[in-house]
Every structure is written in structure tokens, then in C-alpha cells.
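Since the structure comes first, as C-alpha cells, the remarks are kept for the end.
There are 2 protein chains.
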Amino acid sequence: MKVNTKTRYGIRTLMELARNDSGAGMHQKDIAVNQDISYKYLDHIIAQLKSSGLIVPVSGRKSGYRLTRKPEEIAVYDVFTAFNSTLALLDCLFDGELCEKHERCAAREFWDGLNSVIENYLKDRTIGDLIDRQSALESQQGGLAYQI
Amino acid sequence: MKVNTKTRYGIRTLMELARNDSGAGMHQKDIAVNQDISYKYLDHIIAQLKSSGLIVPVSGRKSGYRLTRKPEEIAVYDVFTAFNSTLALLDCLFDGELCEKHERCAAREFWDGLNSVIENYLKDRTIGDLIDRQSALESQQGGLAYQI
DNA sequence: TTTTATCCTACAAAACAGATAGGAAAAGTA
DNA sequence: TACTTTTCCTATCTGTTTTGTAGGATAAAA
């Protein structure tokens with residue numbers, strides 16, 4: 128049970144954009160360098176973030192990618208669902224048809240409960256929270272990093 | 128982010144043993160049939176449960192596999208760790224050496240927090256809870272099943 | 001002694017993760 | 001305009017993990 132790298136990189140990409148709130152957008156190249164993510168791999172991450180409506184490329188002066196919402200309005204849950212078709216620990220959680228015992232299965236209920244706990248955790252925390260915490264960490268110790 | 132089938136089957140195997148508390152042990156064949164798990168695949172599940180000390184094979188009259196502890200003393204967490212080397216959503220959570228930014232990484236803290244939430248959920252629920260709930264479900268609606 | 005059950009190791013198909021590669025299209029720049 | 005850079009799209013590759021199956025040795029039960 129691991130979180131995939133796309134989700135993790137996606138979060139870091141949004142954090143990068145959220146921090147760099149200088150008015151100008153940010154280019155893929157700079158995100159890749161700052162976050163130490165392969166430039167080409169980032170292609171996929173960005174495509175996904177874009178099609179999920181979390182970021183948008185702007186052109187003209189100050190071109191680059193930008194967040195479509197304020198960091199404090201982007202729940203980590205939104206990023207997660209952008210990279211994972213469903214947040215379902217088991218397929219049968221969201222698809223009752225898969226098992227005729229769906230309605231009277233204590234195990235399914237158990238996993239469903241865990242699923243909810245995870246979902247709530249992800250919904251309760253935003254990209255804004257993350258960059259705030261990152262700033263706090265950095266002012267404590269210096270250095271700049273929120274790499275995983 | 129899925130739970131693997133071995134963990135799920137492992138839980139169901141323990142539930143099966145916990146229910147069948149007739150004094151006699153239970154044979155692999157019967158577990159396989161009752162839980163609709165491939166007999167041969169169950170080999171691996173059982174081996175793992177055994178080496179984790181959760182079940183033990185007994186011989187003589189009333190032979191078969193038995194739980195080594197009471198159902199209410201087996202946390203689902205114990206089963207989970209039997210089938211997953213660590214409960215770590217990310218490798219860097221348990222291995223600070225993997226990333227020099229470990230101590231000042233808001234993202235890592237975030238995942239760490241989620242990890243704890245999951246861990247607590249798994250530790251707070253036992254096989255005993257699951258079979259109690261299953262009994263309740265079955266007495267409500269009849270039928271017997273806790274398959275995933 | 002025959003049958004059945006446990007135990008152990010090897011193998012294999014399929015799915016998935018984590019990337020890399022190439023180039024078309026669009027945008028920026030001189 | 002010409003050229004350079006950046007974005008965007010699709011295909012491919014490689015390794016690992018998952019989900020099993022297979023075969024047989026060993027031990028136990030009938």
C-alpha cells in the first residue's frame with residue numbers, strides 16, 4: 128500500500144507553484160529543476176494536473192503554469208483524485224456489483240471505514256497548509272526543501 | 128493505493144478460524160472452500176500467518192489450524208504487518224537516510240500523519256470486532272458471508 | 001499401507017510503476 | 001520573417017510486484 132510518485136510529485140508541483148506567487152507563471156523546466164523531478168516525467172504530471180483543472184498554462188508576458196485556485200482552496204484530496212481514478216482501497220468498495228455479499232460483509236465495512244478515514248484526512252488538508260508548514264520548517268532551520 | 132489480496136485473504140482466514148470455534152481446528156481445504164480462496168494460493172497465506180505466529184497447526188484428534196490468540200486480541204494491524212513488511216505509504220517515512228531533507232519536509236510530515244491515522248485505525252480494530260459485526264449482519268438478513 | 005494434509009520451492013502470466021523518447025504544434029523572440 | 005523554446009501528445013521500455021499455479025517431499029491420519 129504505497130502512494131505513487133505521480134501523486135507525490137503532483138503535490139510538490141502544486142506547492143512549487145503556490146510558493147512562487149510572484150505574479151508570473153512558472154515553466155516546466157523550473158519546476159523540474161527546483162523539485163528535482165525528471166523533466167520528461169513531469170510532462171505526465173503536468174498533463175494530469177491540467178486536465179484535472181488544477182493548473183492552467185498562461186501565455187504572454189509572465190507565461191508559465193499557474194494554479195487555478197488559491198492554495199488554501201486546493202485540498203490534497205483534489206490532487207490525489209487527479210492521479211488515482213478512485214480512492215478505493217478495494218475495488219468492491221465503490222462497485223457493489225462485484226460481490227453479491229456486498230451488503231452483509233463485515234470485512235468490506237471495515238475497509239470502507241478505513242477508506243473514509245483516509246478520505247477525511249486528505250480533504251482536511253490543503254496545499255496552503257503544506258506551504259505554510261514548509262515555511263515554518265524552513266525559518267526554523269534554514270535551507271529550502273520539501274522533497275520526498 | 129490498494130490493499131493486496133494476501134492481506135485481505137489473511138484477515139478472512141483468521142475470521143474463518145475465529146468463527147469456527149468448535150474446539151476443533153480447521154483444515155486448509157475447508158477454509159479455502161468456505162472463503163472461496165484458491166486452495167493453492169491459500170498455501171502462501173497460511174505459511175505467512177504461521178510464520179507470523181498468528182495461527183498454529185495442531186495434530187491429533189481435532190487437528191487443523193487454530194488461532195494462537197483470542198480473536199479480540201488480534202488487531203487487524205497484526206495481520207496487516209504479517210503481509211506488508213512495513214506500513215509505510217512512502218519509503219522515506221521509515222528511512223530518514225533516503226532523503227537529506229527528511230527533517231524539514233512538510234510533505235513528508237503530511238504523509239507521516241496519514242500513515243499514523245491508518246495505523247491507529249488498524250490497531251483499534253480486532254478480528255473479534257469483525258466477527259461480531261459479521262454475526263450482527265447475518266442475524267439481520269440471514270445468509271453467511273464476509274467475502275471481499 | 002493407503003490416503004490425506006501439510007509444507008516448501010520454483011515458476012509464470014498479468015498488471016503496474018516509473019520512467020524515457022520522439023516529434024508535432026504552439027508560443028515567444030530576434 | 002526565421003528561429004528557438006516551450007508545450008503537448010503518444011508510444012515504448014524496463015523492472016517490480018501481484019496473483020496466482022505446479023510439483024513434489026514430508027508428515028500425519030485412517
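Note that the protein sequences, when read in sequence, are chains A and B.
All residue numbers for the first sequence refer to the working numbering, where the first residue is 128 and numbers rise by one.
All residue numbers for the second sequence refer to the working numbering, where the first residue is 128 and numbers rise by one.
Glycine included, every Cβ here is placed at the ideal spot set by N, Cα and C.
CB contact flag (residue i, residue j, <9 Å)
i, j, result
"B:Pro184", "B:Gly152", "yes"
"A:Val206", "A:Thr134", "yes"
"B:Tyr248", "A:Leu241", "yes"
"A:Glu265", "B:Arg231", "yes"
"A:Leu276", "A:Asp239", "Any property of residue 276 of chain A remains undetermined from this structure, which presents chain A solely from 128 to 275."
"A:Ala159", "B:Gln261", "no"
"A:Leu115", "B:Lys129", "This structure cannot speak to residue 115 of chain A, because chain A is shown only from 128 to 275."
"B:Asn211", "B:Asn131", "yes"
Beta-ladder partner(s) of residue i, from DSSP
i, result
"A:Gly84", "There is no way to answer for residue 84 of chain A, as the model of chain A reaches only from 128 to 275."
"B:Ala234", "DSSP output for B:Ala234 lists no bridge partner at all."
"A:Ala202", "A:Thr253"
Run of the alpha helix (DSSP H) containing residue i, from where it starts to where it stops
i, result
"B:Asn161", "Gln155 to Gln162"
"B:Met142", "Thr132 to Arg146"
"B:Lys167", "Tyr166 to Ser178"
"A:Asp218", "Asp218 to Phe221"
Buried or exposed by the 16-neighbour rule on C-beta atoms within 10 Å, applied to residue i
i, result
"B:Arg188", "exposed"
"B:Gln175", "buried"
"B:Ala263", "exposed"
The ligand NAP heavy atom lying under 8 Å from the CB of residue i
i, result
"B:Leu249", "In terms of ligand content, the structure shown is empty, and the ligand NAP therefore cannot be addressed."
Sequence-distant residues of the same chain with beta carbon closer than 8 Å to residue i, five excluded per side
i, result
"B:Ser253", "Here the sequence assigns Thr to residue 253 of chain B, which means Ser is not the residue at that position. Pro198, Glu199, Glu200, Ile201, Ala202 and Val203, listed in sequence order."
"A:Asp259", "none"
"A:His171", "Lys133"
"A:Gly223", "His229 and Glu230"
"B:Gly180", "Thr195"
"B:Gly150", "Lys189"
"A:Glu246", "Tyr204 and Leu214"
"A:Leu141", "Leu176, Leu181, Ile182, Leu194, Pro198, Ile201, Val206 and Ile254"
Residues near residue i by beta carbon distance below 7 Å, same chain, minus five either side
i, result
"A:Leu144", "Met153, Ile182, Tyr192, Arg193 and Leu194"
"A:Lys250", "Ala202 and Tyr204"
"B:Lys156", "Tyr166"
Spatial neighbours of residue i in its chain, beta-carbon cut-off 6 Å, leaving aside the 5 residues before and after
i, result
"B:Gln162", "Arg139 and Glu143"
"B:Tyr166", "Ala159"
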